[in-house]
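Working notes, beginning with the structure itself.
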Amino acid sequence: MSIAVRIAVLKERADGETRVALTPETARKFLALGATVAIETEAGRAASYADEAYREAGAEIASATEVVKNADIVMGVQAPEADLLEGARQGALVLAIFDPFSRRDRVEQFAARGFEAMAMEFMPRITRAQSMDVLSSQSNLAGYKAVLSAANEYGRAFPMMMTAAGTVQAAKVFVMGVGVAGLQAIATAKRLGAQVSATDVRSATREQIQSLGAKPIFVENVAGIEGEGSGGYATEMSEEYRKAQAELVSSHIAKQDIVITTALIPGKPAPRLISDAQIATMKPGSVIFDLAVVQGGNVEGSVPDQTVTKHGVKLVGYANTATHLAADASALYSRNLYNFLSAFWDKDAGKPVFDEEIGNAVRLTQGGKVVNERLAG
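Given below as structure tokens:
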């Protein structure tokens, strides 16, 4: 008879991180698979999940040291430092967002300690992995929150309002970058009654923009620019496209009230989409929300977690937008982890056994070595 797999969840220690990797809902599901679940005291408090809710679900609540002791699987939102996992089993799985390009040192530490680190942000964007994709679930909420935060900073109404005193015109919202966050930003702005337009380097997004009732704004007559990278992510633009896009944005942005920028390239600084000169063409009181601010920013002059006013325009951006919706962000993230592990759960072995396509894509370390191809060299 196999010994039940022990799943450990620690309280997040990164500055400003309010999410938790496991909710009581998914704790019950893991227990139903035959695993045991241990959670550090008050790990879910910042996300509005009380210790008592975990106890009721059947989880053990204990100190960090006790939780990690003999753990087979450790789950986190942002990867913990390796020394926090002292006492976990040799070869234990660690599932988290690792930021491996910026924190290669941490990846090396996990390898040296014999842990099998799984970077959830490396989940391939293929059909069967959609329910496991933490970037998509968190980006969805981030796109929604970006519009709400911009609306809060904007000193006027979003929808057209016809009153006895006159008509209030609808706000004009421009979304730059139509990935998961951008699509949700479009949908949210439309629901609030704004007049919405959007752009992207990938021509395939034109129909997606139109399907949400927004106006697509695209560079025309620049051949061969698709912007589609591997795995469904955007890639870098050519110099010709950059110039054409800058001209298009400059003419369009001056007419906008709200701009939401969402452009990211995995493993590289965020592309600069809006310059100081372009900001200066916007109307005073306009707002730009930079969802890429922590990766260097799409907007010149934006600062994480600060509202910066330039030329009468407010620049806003959070270092971690999803944490501003901690309860829902945690619930979705937790389900992503459950969907990932349960899809490969071997009932006879009582643990997950990963296939090559998905397992190799997210695995950073194994057998004391860094094994992910994206970290080669």
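Everything in the sequence shown is counted per this note's numbering, starting at -17 for the first residue and increasing by one.
Beta carbons are placed, not taken as given, at the ideal position from N, Cα and C, and that holds for glycine.
For residue i, name the three-state secondary structure that DSSP assigns.
| i | result |
| --- | --- |
| P62 | coil |
| P334 | strand |
| M264 | coil |
| D287 | coil |
| A296 | It is Lys, not Ala, that sits at residue 296 in the sequence shown. In this structure, K296 counts as strand in the three-state DSSP scheme. |
| I(-11) | strand |
| W48 | Here residue 48 is Glu; the residue named in the question, Trp, does not match the sequence. Helix at E48. |
| D(-3) | coil |
| L357 | helix |
| M102 | helix |
| V2 | coil |
| R22 | Note that residue 22 is Glu in the sequence shown, not Arg. The answer is strand: DSSP assigns E22 an E or B state. |
| E282 | coil |
| A78 | strand |
Between residue i and the rest of its own chain, which residues show a CB-CB distance below 7 Å, the 5 nearest in sequence each way excluded?
| i | result |
| --- | --- |
| T347 | V89, F92, A93, F97, E98, A99 and V353 |
| A111 | M105 and I340 |
| S131 | F271 and V298 |
| R188 | P198 and F200 |
| G159 | D182, T243, T244 and A245 |
| K292 | D258, I261 and G283 |
| T47 | G69 |
| V344 | M100, A101, M102, F104 and M105 |
Counting along the chain, where does the beta strand (DSSP E) carrying residue i start and finish?
| i | result |
| --- | --- |
| T303 | Segment: none, T303 is in no beta strand (DSSP E) and carries neither H nor E. |
| D272 | V269 to D272 |
| V231 | Careful: V231 lies outside any beta strand (DSSP E), inside the alpha helix (DSSP H) at E221 to I235. |
| A186 | Looking at the DSSP string, A186 is not in any beta strand (DSSP E), and its letter there is neither H nor E. |
| I242 | I240 to T243 |
Can you pull the DSSP bridge partners for residue i?
| i | result |
| --- | --- |
| S179 | F156 and K197 |
| Q112 | Answer by DSSP bridge pairing: none, since Q112 is not bridged. |
| K351 | Q348 |
| L130 | Bridge partners of L130: none, in fact. |
| D328 | K333 |
| T145 | G148 |
| I340 | Paired residue(s): none; I340 is not in a bridge. |
| V276 | Per DSSP, none; premise fails for V276. |
| E42 | A20 |
Could you give the residue range of the alpha helix (DSSP H) that holds residue i?
| i | result |
| --- | --- |
| V162 | V162 to R173 |
| A9 | P6 to A14 |
| A313 | A308 to A325 |
| I247 | Premise fails: I247 is in no alpha helix (DSSP H) and is neither H nor E. |
| V89 | R86 to A94 |
| A39 | D33 to A39 |
Apart from the five residues on each side of it in sequence, which residues of its chain come closer than 6 Å, Cβ to Cβ, to residue i?
| i | result |
| --- | --- |
| K237 | none |
| L117 | E103 |
| A53 | R(-12), A(-10), A70 and A74 |
| F322 | M114 |
| T230 | The question names Thr, but residue 230 in the sequence shown is Leu. Contacts found: V201. |
| A313 | T5 |
| K127 | T303, H306 and L307 |
| G195 | K172 |
| E42 | A20 |
| V50 | A(-10), L67, G69 and A70 |
| F156 | S179, Q238 and V241 |
| R95 | A64 |
| T170 | Y126 and V129 |
Keeping to the same chain, check which residues put their C-beta closer than 8 Å to that of residue i; ignore five residues upstream and five downstream.
| i | result |
| --- | --- |
| Q151 | M142 |
| D328 | P334 and V335 |
| A309 | A29, S30 and Y31 |
| G40 | A9, R10, L13 and V19 |
| T289 | E135, K296, L297 and V298 |
Residue i CB to nearest chain D CB: under 9 Å?
| i | result |
| --- | --- |
| G159 | Looking for chain D here will not work: only one protein chain is present. |
Check whether the region 237 to 253 touches the region 271 to 286, counting contact only when three or more Cβ pairs, one atom from each stretch, lie closer than 8 Å. Contact between the region 237 to 253 and the region 271 to 286 is present, because at least three Cβ pairs lie under 8 Å.
Report yes or no: do the region 238 to 245 and the region 261 to 275 share at least 3 C-beta pairs separated by less than 8 Å? Between the region 238 to 245 and the region 261 to 275 there are three or more inter-stretch CB-CB distances shorter than 8 Å, so the stretches are counted as touching.
Using a Cβ distance threshold of 8 Å, determine whether the region 29 to 41 contacts the region 6 to 16, with at least three qualifying pairs required. The region 29 to 41 is in contact with the region 6 to 16.
Three or more C-beta pairs closer than 8 Å, one from the region 303 to 319 and one from the region 66 to 76: is that the case here? Touching, no, given that fewer than three Cβ pairs across the two stretches are closer than 8 Å.
For the region 256 to 269 against the region 130 to 138, are there 3 or more C-beta pairs whose distance is under 8 Å? As far as the Cβ criterion goes, the region 256 to 269 touches the region 130 to 138, which means the pair count is three or higher.
Check whether the region -9 to 1 and the region 10 to 18 are in contact - that is, three or more C-beta pairs closer than 8 Å. Touching, no, given that fewer than three Cβ pairs across the two stretches are closer than 8 Å.
Indicate whether the contact test is met: 3 or more Cβ pairs, each with one atom in the region 119 to 131 and one in the region 159 to 167, closer than 8 Å. These segments touch.
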